[in-house]
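**Student:** The structure that follows is given in the form of structure tokens.
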Amino acid sequence: MLLSLSLLSFALTLVRAGAPIGLYQLSDYHVGYEFYNTFEFQTIADPTHGRVNYVNESYAISQNLTYASWDTFIMRADPTTLLSVSDPGRDSVRIQSYKSYTTHVVIFDIRHMPQGCATWPAAWETGSNWPYDGEVDIIEGVNDVSPNSMTLHTAPGCTMPTGNRTESGIIVTTDCNAFDNYNAGCGVSAPTTNSYGPTFNANGGGWYAMERTNSYIKVWFWARNDRTVPSDVRFAIPSPIINTNLWGTPTAYFPNNTDCDLASHFNENKIIINLTLCGDWAGSMFNQDGCPGDCVTYVNENPAAFINAYWDLASVRVYE
Ligand SMILES: *[C@@H]1O[C@H](CO)[C@@H](O)[C@H](O)[C@H]1NC(C)=O
Ligand SMILES: *[C@@H]1O[C@H](CO)[C@@H](O)[C@H](O)[C@H]1NC(C)=O
Ligand SMILES: *[C@@H]1O[C@H](CO)[C@@H](O)[C@H](O)[C@H]1NC(C)=O
Ligand SMILES: *[C@@H]1O[C@H](CO)[C@@H](O)[C@H](O)[C@H]1NC(C)=O
Ligand SMILES: *[C@@H]1O[C@H](CO)[C@@H](O)[C@H](O)[C@H]1NC(C)=O
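Counting with mature numbering (1 follows the signal peptide of the UniProt record, and there is no 0), you get residues -17 to -1, 1 to 303 for the letters of the sequence shown.
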């Protein structure tokens, strides 16, 4: 309470100073067992043609493909079954929040993300009418190749500036239109290798945060040992309010601009956490990324290669 009052009075000082306000209140705190109540297990066919079989909640629990305690939620690909060519794919889990969000901040506190050849994990948001509702990829990559990519995918008519963006990441592409460039989207790479995969995991993971307003979409990454992580992000007990104006330069910055009206390209979105194997991206880059042989065969014949293909989530918090 004292903390929130002092933050509030600080925020009011900023208002008086004429600064824009990045103040939000906690609306959802997903932690431990709570994920079973607030996220839906999606047993859909993988839209990106991966070698996975998304399983339902009861089956995931019975096979320990998801596991919860009071402060942990783990979801993984099956690390034990040898698959035959006719099997539908390696069992994995894809969860989507029941709740939708428009302008908001989401903070992922992650201890471990899936790693291994063939893995294509993602933590992201999208709506029911893709790509017209927009898509924000907060964490995404394939085959353990670091750094992390942060990407928007939209309907036609959304392009990001090629420069003058206050961000620590590196601009990769600027056309967000999902119908151009085989849906590459407009992406930014994180500047450090500890943002993704084995290096992220070896470091104890870290925090990803995304702020969506009609004026910009920002993504921040702080490694577990980063001394600059804001206190309203770091503490395990969630701060009742946060102020994104005190968070410093984001890793990726997608500004509203004359070539992209964010409000018309982004509608209500849900949070999705998934882990696919092979498929359009991880499969096509498999050998180039230094992985051996054929991706689907690798997935079928090497269950033990997926022992580290799991998410360990400390929490997902949403502020509005
Ligand atoms: C997983 O997430 C990525 C996010 O970029 C998405 O493109 C892909 O379709 C998703 N795959 C599955 C199988 O859900
Ligand atoms: C969940 O999946 C398992 C394995 O495919 C199946 O046997 C079971 O009927 C499913 N349960 C529900 C509630 O759909
Ligand atoms: C289920 O997974 C959790 C988390 O990885 C692990 O601690 C636990 O031992 C597993 N349980 C079984 C029965 O394998
Ligand atoms: C960046 O800003 C400068 C000064 O306003 C302008 O001249 C330049 O064209 C801008 N560059 C891009 C890529 O927008
Ligand atoms: C965003 O940019 C569009 C032009 O593309 C403009 O019409 C709109 O007012 C801007 N929105 C905000 C919130 O600044």
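All C-beta atoms, glycine included, are put in the ideal place defined by N, C-alpha and C. All values derive from a computational prediction rather than experimental measurement.
Out of Leu245, Asp242, Ala292, point me to the one whose CA is closest to leucine 260's CA.
**Tutor:** Comparing Cα-Cα distances from leucine 260 to each of Leu245, Asp242, Ala292, the minimum goes to Ala292.
**Student:** Would the segment 285 to 303 count as touching the segment 4 to 17 if we require 3 or more Cβ pairs under 8 angstroms?
**Tutor:** At 8 angstroms Cβ cutoff, the stretches touch.
**Student:** Is it true that the CB of asparagine 36 sits closer than 8 angstroms to the CB of arginine 94?
**Tutor:** No, they are not a contact pair.
**Student:** Look at the alpha carbon of threonine 137 and the alpha carbon of glutamate 118, and state the distance between them as a whole number of angstroms.
**Tutor:** Cα to Cα, threonine 137 sits roughly 6 angstroms from glutamate 118.
**Student:** Alanine 28 by DSSP, collapsed to three states: which one?
**Tutor:** Alanine 28: coil per DSSP, three-state reduction.
**Student:** Considering only heavy atoms of ligand 3 and the C-beta of each residue, which residues fall inside 6 angstroms, strictly closer?
**Tutor:** Here the list is Asn47, Tyr50, Ile57.
**Student:** Can you have a look at glutamine 271 and say buried or exposed, based on whether 16 or more other CB atoms are within 10 angstroms of its CB?
**Tutor:** It is exposed - the Cβ of glutamine 271 has fewer than 16 other Cβ atoms within 10 Å.
**Student:** Could you check where the alpha helix (DSSP H) with aspartate 163 kicks off and where it finishes?
**Tutor:** From DSSP, aspartate 163 is part of no alpha helix (DSSP H); its letter is neither H nor E.
**Student:** Comparing C-alpha positions only, which one of Asn226, Asn131, Cys278 sits nearest to leucine 9?
**Tutor:** Nearest option by C-alpha distance: Asn226.
**Student:** By Cβ distance, which residues of its chain are closer than 6 angstroms to serine 151, with the 5 residues on each side in sequence left out?
**Tutor:** Hits under 6 angstroms: Pro174, Thr232, Thr234.
**Student:** Does the CB of glycine 189 have a neighbour CB from chain C at under 8 angstroms?
**Tutor:** In the structure shown, chain C cannot be found, because there is only a single protein chain.
**Student:** By the 10 Å Cβ neighbour count, where 16 or more other Cβ atoms means buried, how is tyrosine 81 classified, buried or exposed?
**Tutor:** Answer is exposed; the Cβ neighbour count stays below 16.
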